[in-house]
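Engineer: Going by the working numbering, the first residue of the sequence shown is number 633, and it counts up by one from there. Ideal Cβ positions, reconstructed from N, Cα and C, are used throughout, including at glycine. Quick caveat, the model's predicted, so the values are computed rather than measured. Take this structure, written in structure tokens, and hold onto it; I'll ask about it next.
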Amino acid sequence: EETVVAPVAPAEALSRLAALNSNHPYLPMARHALEQAERRAAGQSLRGAVLVEKVSLIEPRAIECGNKPLALLIDLDPAPGDTIIEGQPAGFGALLQVLRDAGIAIGWISQRTPALLESDISALRSGPVPAFRDDDIQLPAASHHAKQDRRIGLAASHCVLAIAGDRRADFDILFDYLRDPDYAIRLEAWMDRGWFLLPYPASVADAELSPEVKEVEQPNDQP
């Protein structure tokens, strides 16, 4: 009979996160997710990171979290951009494992098929604590489901606390169609508080195996 392990309390998970002594680029996203989990544990309501369909730019809303299980979503489609230097990021897998231990599911989404993702998934499986696990939520390309539909589908079953992507359209498709970014000024309330512009995951997947400074792709932030 399988043993069910109770999730680690959010406060303890935050302490474990601090104890990692990591400067990994995904650390702010992980901290935000655990802080939101702590809010729920205290009986407070949460705001999700996936916007409702046909969102109003005047009064934008996210899909309600309710009592759905917690999750975060990481985009697996690289975007071109300027190269920047990230100082010694380390421990991607250990960082994500703290979230899993706290009961936060890790989701991965892509427009590419599993065959095209194979090399990047392999990198994410590397290291003593893999960032990618087979029991994570996997949302690869499907012929009849656009990426936007898959985000909304996940938000129907989970409270998506955070989305990590390397371009704004990884958060919502509307960013691909904005003629004037100023129209979306109210959506800035989600930046670094649910939406996190971060290096492509596979570019930092093996960081804990190397002490050297890593070069990663930083996107042009314009839609």
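#1: Whole angstroms are fine: how far does the CA of Gly725 sit from the CA of Ser835?
#2: Taking 6 Å as the limit between beta carbons, can you name the residues of its chain near His790, skipping five residues before and five after?
#3: What is the residue span of the alpha helix (DSSP H) that Phe828 lies within?
#4: Quick one, which of Pro831, Leu819, Ala794 and Arg825 has its alpha-carbon nearest Ser688's?
#5: Let me know the beta strand (DSSP E) ranges lying completely inside the segment 749 to 809, each 3 residues or longer, listed in chain order.
#6: For Ser842 and Gly723, what's the separation of their Cα atoms in angstroms?
#7: Between the C-alpha atoms of Trp822 and Ala681, what's the straight-line distance to the nearest angstrom?
#8: At what residues does the beta strand (DSSP E) containing Gly735 begin and finish?
#9: Arg799 to Asn653, Cα distance in whole Å?
#10: Taking three-plus beta-carbon pairs below 8 Å as touching, is the segment 683 to 698 in contact with the segment 748 to 757?
#11: Beta-carbon separation of Ala694 and Leu793 under 7 Å?
Structural biologist: Let me spell this out:
#1: Residue numbering aside, residue 835 sits at position 203 when the sequence shown is read from its first letter. Residue numbering aside, residue 725 sits at position 93 when the sequence shown is read from its first letter. Looking at the two C-alpha atoms, the distance is approximately 13 Å.
#2: As a working mapping, residue 790 is identified with position 158 in the sequence shown. Excluding positions up to five away in sequence, the list reads Lys700, Pro701 and Ala703.
#3: Locating residue 828 in the sequence shown gives position 196, where the first residue counts as 1. Premise fails: Phe828 lies in the beta strand (DSSP E), Trp827 to Leu829, not in any alpha helix (DSSP H).
#4: On the sequence shown, residue 688 is found 56 positions in, with the first residue counted as 1. For the residues Pro831, Leu819, Ala794 and Arg825, the minimum Cα distance to Ser688 belongs to Leu819.
#5: 769 to 771 and 791 to 797
#6: In the sequence shown, counting from the first residue as 1, residue 842 sits at position 210. In the sequence shown, counting from the first residue as 1, residue 723 sits at position 91. For Ser842, the pLDDT reaches just 38, beneath the cut-off of 50, and the residue's location in the model is therefore unreliable, although a value from the coordinates is still provided. Each residue's Cα considered, the two are about 10 Å apart.
#7: As a first step, residue 822 is located in the sequence shown; it is residue number 190 there, counting from the start. As a first step, residue 681 is located in the sequence shown; it is residue number 49 there, counting from the start. Cα to Cα, Trp822 sits roughly 7 Å from Ala681.
#8: Position 103 of the sequence shown holds residue 735. Note, Gly735: premise wrong, no beta strand (DSSP E); not H, not E.
#9: Looking up residue 799 in the sequence shown gives position 167. Looking up residue 653 in the sequence shown gives position 21. Going by the C-alpha atoms only, they are around 27 Å apart.
#10: no
#11: Reading the sequence shown from its first residue, position 62 is the one you call residue 694. Reading the sequence shown from its first residue, position 161 is the one you call residue 793. Their beta carbons are not under 7 Å apart, which means Ala694 does not touch Leu793 by this criterion.
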